[in-house]
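Numbering-wise, the sequence shown is residues 1 to 126 according to full-length UniProt numbering.
Working notes, structure below.
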Amino acid sequence: RSAVARKVRATFVTVPATLRLFFHDCFVQELGTGRRLGTGSMHDGLHYLDDNTSPAVAAALSSSPLEEFMLQHRRLGHISFVILGELYPNLFNKVRKEDLVCDACLYGKQIRSTYILSDHRSDVPL
Ligand SMILES: [Zn+2]
């Protein structure tokens, strides 16, 4: 349980705000006060935040180093974390090594436990 909580804390940054997307523009509104924390506009089908956006909001909307590192891990076919760290040393230095856990890799490396050998054999066919 604590490992999951640690992973969630390392992955997500939360801000008490809502992001409202409209056809031509968007804005981030703080919950409770309704104050606008940032605005944005749409270009070529994507919403872009303006430069007036609060740094806390920008941090919450961008991905964390761990999230980026795990994305590259998956994109490169679940490459080993050590080799990926050599490819992206700046990103590797920003993540905690104990947070580098990939469930798919763990399942892939898992082996079935063997049956205990037995001297008892059936005398009759099934
Ligand atoms: Zn993996």
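Positions of the beta carbon are idealized from the N, C-alpha and C atoms, including for glycine.
It should be emphasised that the depicted structure is a prediction, and the values quoted were computed from it without experimental measurement.
Helix, strand or coil at residue i according to DSSP, with G and I counted as helix
i: H47; result: strand
i: V15; result: coil
i: L37; result: strand
i: R20; result: strand
i: C105; result: helix
i: R121; result: coil
i: Q72; result: helix
i: V82; result: helix
Nearest candidate by alpha-carbon position, reference residue i, set the options
i: C105; options: S122, I79 and V95; result: I79
i: Y48; options: L21, Q29 and T114; result: L21
i: S2; options: H73, N52 and E98; result: E98
i: A58; options: L19, F23 and G85; result: L19
i: D25; options: Y107, D50 and S63; result: D50
i: S63; options: L91, F27 and T114; result: L91
Identified DSSP bridge partners for residue i
i: A56; result: The partner list for A56 (beta bridge, DSSP) is empty, contrary to what the question assumes.
i: M42; result: H47
i: F27; result: R20 and T39
C-alpha distance - residue i paired with residue j, whole-angstrom precision
i: G40; j: L46; result: 10 Å
i: Y88; j: S54; result: 28 Å
i: L37; j: V95; result: 28 Å
i: P65; j: S122; result: 59 Å
i: A56; j: M42; result: 21 Å
i: M70; j: T33; result: 36 Å
i: Q72; j: R112; result: 29 Å
i: R35; j: R75; result: 38 Å
i: H120; j: Y107; result: 33 Å
Distance cut-off 7 Å: residue i Cβ against heavy atoms of ligand 1
i: C102; result: yes
i: C26; result: no
i: H47; result: no
i: H73; result: yes
i: H120; result: no
i: H78; result: yes
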